[in-house]
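Residue numbers (our numbering): 3 to 378.
Below, the structure is given as structure tokens:
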């Protein structure tokens with residue numbers, strides 16, 4: 003949904019802060035006017051319920067979050083400065099208490115192009131995993147940096163992963179007990195995932211679907227297996243998001259559509275992001291379009307939804323989260339805060355160019371609880 007290598011078509015066809023600068027950022031945020039982040043009183047949320055971060059220049063991408071002992075959190079996301087992957091840089095936002103936000107500030111580990119950030123808790127510590135692009139070869143570098151008392155340590159390079167050579171393959175890390183899971187698109191767009199023992203040692207690569215896909219992601223279902231989601235164009239539709247579940251993370255259920263539209267509408271479902279639930283299932287956040295009317299920025303645009311999925315694959319009711327005329331969201335993420343509320347982020351499309359989204363602003367809001375469970 004962005005220019006260059008991350009337009010949807012091509013995606014499917016195939017003063018910088020120093021290492022120790024986060025503590026200084028937190029003090030700077032305290033010195034300025036923190037922006038309130040209340041719990042939304044209703045859904046769908048409107049403009050009064052959200053915080054739009056930054057200036058809206060470039061294309062902000064999916065956020066990751068680490069909680070802090072103070073009850074606050076650190077939020078990191080990638081910004082495509084020029085709207086494409088070649089200009090990806092990291093940004094960070096600090097919350098001291100969980101109910102107010104600093105302004106975004108640059109975060110760099112010295113690699114120029116840095117993307118795909120993901121916080122993982124492994125071995126009693128919090129790590130920021132991310133990917134870089136090598137200037138001389140264009141190949142990918144995989145890294146992690148320890149977050150300790152509000153400060154990032156220098157990043158350490160991780161072992162190379164066979165078959166993962168380019169940023170456009172979109173590596174996505176998630177926590178899995180004492181390990182981490184890594185999902186990416188193979189060179190022929192076939193999804194691949196593997197377990198990183200202790201967050202470091204790569205295990206055998208596995209293919210959960212032998213088809214070309216976009217947005218693949220495997221997440222744990224507590225101690226009850228794994229959930230896998232991906233998107234690909236269906237017959238007679240534009241885009242569909244599918245999911246599979248597995249009790250042993252090896253033998254998968256048949257693919258099922260996450261949000262099949264009522265006839266005669268055609269499926270056009272994108273950008274699924276699964277957040278593990280305390281009961282062992284997941285809540286999946288995703289977008290699909292609607293006619294927004296003359297008062298909206300775009301006559302047709304996306305809305306943000308969520309629904310729960312049980313470990314056995316049964317779906318809960320669908321819930322629309324964003325006001326239809328106020329936003330045009332894509333690339334959502336969701337994160338559980340220490341007080342039990344859920345912080346939701348999305349990129350709000352402000353402008354489309356000839357090749358896709360040219361400006362999109364990271365926007366966040368808090369919900370008091372999880373998605374509705376599956377009916378008994």
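Using N, Cα and C, we set each Cβ at its ideal position, and we do this for glycine too.
- Beyond the five residues adjoining it in sequence on each side, residue 182 comes within less than 8 Å, by CB distance, of 122, 124, 131, 175, 176, 197, 198 and 201 in the same chain, given in chain order.
- Contact between the stretch 270–279 and the stretch 295–303 is absent: fewer than three C-beta pairs spanning the two stretches fall below 8 Å.
- Taken atom to atom, the span from the alpha-carbon of residue 57 to that of residue 106 is near 9 Å.
- Per DSSP, the continuous beta strand (DSSP E) segment holding residue 233 begins and ends at 228–234.
- In the same chain as residue 328, and ignoring 5 residues on each side of it, the C-beta atoms closer than 6 Å to its own belong to 48 and 49, in chain order.
- Residue environment analysis places residue 314 among the exposed positions, since fewer than 16 neighbouring C-beta atoms fall within 10 angstroms of its C-beta.
- Between the C-alpha atoms of residue 317 and residue 222 there is a straight-line separation of about 17 Å.
- Of all alpha-carbon atoms in 77, 146, 311 and 262, the one lying nearest the alpha-carbon of residue 67 is that of 77.
- The distance from the Cβ of residue 118 to that of residue 80 is about 7 Å, consistent with a contact at the 8 Å cut-off.
- By the neighbour-count definition (other C-beta atoms within 10 Å, threshold 16), residue 164 is an exposed residue.
- Contact annotation, residue 349 with residue 339: C-beta distance approximately 20 Å; criterion of less than 8 Å not satisfied.
- DSSP, read as helix, strand or coil, puts residue 340 in coil.
- Residue 91 is bridged by DSSP to 81.
- The residues 41, 368, 369 and 370, in chain order, have a CB closer than 7 Å to that of residue 343 in the same chain once the five nearest residues on each side in sequence are set aside.
- Our two residues, residue 73 and residue 104, have alpha carbons roughly 15 Å apart in a direct line.
- By the beta-carbon neighbour count (other beta carbons within 10 angstroms, threshold 16), residue 185 is buried.
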